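**Student:** Counting with numbering that gives the first Met the number 0, you get residues 0 to 273 for the letters of the sequence shown.
Glycine included, every Cβ here is placed at the ideal spot set by N, Cα and C.
Everything numeric in this text was worked out from a predicted model, so none of it was measured.
Below you will find the structure I want to go over with you.
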Amino acid sequence: MLFAPPALSHSVTIVIPCLNEEGNLEKLFYTLDRTFQNLGFTLPVLLIDDGSTDQTPQILTQLCCQYAYLKTIRHPQKRGVTGVWKTAIAHVNTEWVFWGQADLESDFQSDLPLLLEACVPGVDGVAGWRQQRGDGKVMASKFANLACRMSFGLKIHDMNWIKLVRRDILTKVPFDVVTHRYLLAILAGWGYNITEVATPWHPRFSGQSKFGRGRLVTSAMNFSRTWWWFHIENRLLLPFQYIPAMFKAVDVGFRAGKEAFDLQVSRDRVASNS
0 MLFAPPALSH SVTIVIPCLN EEGNLEKLFY TLDRTFQNLG FTLPVLLIDD
50 GSTDQTPQIL TQLCCQYAYL KTIRHPQKRG VTGVWKTAIA HVNTEWVFWG
100 QADLESDFQS DLPLLLEACV PGVDGVAGWR QQRGDGKVMA SKFANLACRM
150 SFGLKIHDMN WIKLVRRDIL TKVPFDVVTH RYLLAILAGW GYNITEVATP
200 WHPRFSGQSK FGRGRLVTSA MNFSRTWWWF HIENRLLLPF QYIPAMFKAV
250 DVGFRAGKEA FDLQVSRDRV ASNS
């Protein structure tokens, strides 16, 4: 199916996941409003409150009165990022989905135009590649992205941040299996053209990151499940093929981790000698 580039069609919904971001919301929508003024057009914004327990719901009520393009959906309890994706896909009707952030580590004024311009005919999705990232998650991210490049043919460096993706192909992703972490990897494995564009990273404006060490274990478990589903369940391998496939999965994970570790050691040496 062919779609007009989103920069021309403007058939894009900006989806923003939100959990306890009371200190960021007013600045976030001030920035979004400036972004639309610079672009010369307005896009619908869907903010999904994933069970916030701070003043986020009250602030969003006020912002909805101020910005006509804003619609909010509230989860009574936290469902996680995967749950937010499922809600978004069920409520978005535009051809494209722009996945944003509420923590202001991404600046819509620079990033939205960059991703729109990079989404040329033949491209099915564009991811933002964080530059000069300083959030303490670099090694974990490198490991995950390297493993996905080796396992699914993903060609980008940063699959888990802002992104602009065709909605129709997102509806094909089994989120209960893949989860949000590996959706771009699966799309690449299916043959869709997923590209990236360098985008600046900014320190969180307010509040605390929702990322913890426990997510490293969860991410590894999700990767194993996703790899098994994509390479074995989907292809209906015979029983005698399972063991070689499992060894392949372990080998991919080991090589990805070693490459990420060696790269970090090399950079540390350069930094210490400079």
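Check each candidate in 196, 11, 222, 204 and name the one with the smallest Cα separation from residue 88.
**Tutor:** Selected option, being the one with the closest Cα: 11.
**Student:** What separation, rounded to the nearest whole angstrom, lies between the Cα atoms of residue 112 and residue 197?
**Tutor:** Rounded to the nearest angstrom, the two C-alpha atoms are 12 Å apart.
**Student:** Which residue comes first and which comes last in the beta strand (DSSP E) that contains residue 16?
**Tutor:** Per DSSP, residue 16 belongs to the beta strand (DSSP E) from 11 to 17.
**Student:** Looking at residue 81: is its Cβ nearer than 7 Å to the Cβ of residue 142?
**Tutor:** Their beta carbons are not under 7 Å apart, which means residue 81 does not touch residue 142 by this criterion.
**Student:** Where DSSP assigns a beta bridge to residue 336, which residues make up the other side?
**Tutor:** The requested residue 336 is not part of the displayed model; the chain covers only 0 to 273.
**Student:** Can you tell me whether residue 64 is buried or exposed, with buried defined as 16 or more other CB within 10 angstroms of its CB?
**Tutor:** Flag for residue 64 reads exposed.
**Student:** For residue 68, I'd like the list of residues in its chain whose CB is within less than 6 Å of its CB, leaving aside the five on either flank, ordered along the chain.
**Tutor:** Counting only Cβ-Cβ distances below 6 Å, and skipping sequence neighbours, we find 41, 43, 44.
**Student:** At which residue ranges does the stretch 64 to 96 contain complete beta strand (DSSP E) runs of 3 or more residues, listed in the order of the chain?
**Tutor:** Runs of the beta strand (DSSP E) inside the stretch 64 to 96: 69 to 73.
**Student:** Please name the residue, chosen from 205, 193, 228, 18, that lies closest to residue 114 on a Cα-to-Cα basis.
**Tutor:** Here the closest residue by C-alpha is 193.
**Student:** What residue range does the alpha helix (DSSP H) around residue 197 cover?
**Tutor:** No alpha helix (DSSP H) holds residue 197; the beta strand (DSSP E) holding it covers 193 to 199.
**Student:** I'd like to check one pair, residue 152 with residue 188: are the Cβ atoms closer than 7 Å?
**Tutor:** In this structure, residue 152 lies closer than 7 Å to residue 188 by Cβ.
**Student:** By how many angstroms is the C-alpha of residue 78 removed from the C-alpha of residue 59?
**Tutor:** Cα-Cα distance, rounded: 19 Å.
**Student:** Check each candidate in 133, 160, 86, 66 and name the one with the smallest Cα separation from residue 72.
**Tutor:** For the residues 133, 160, 86, 66, the minimum Cα distance to residue 72 belongs to 86.
**Student:** The beta strand (DSSP E) with residue 48 in it runs from where to where?
**Tutor:** Unbroken beta strand (DSSP E) run through residue 48: 44 to 48.
**Student:** Which first and last residues belong to the alpha helix (DSSP H) in which residue 36 is found?
**Tutor:** Note, residue 36: alpha helix (DSSP H), 24 to 38.
**Student:** Using 10 angstroms around the beta-carbon of residue 220, count the other beta-carbons present and answer buried if the total reaches 16, otherwise exposed.
**Tutor:** It counts as exposed.
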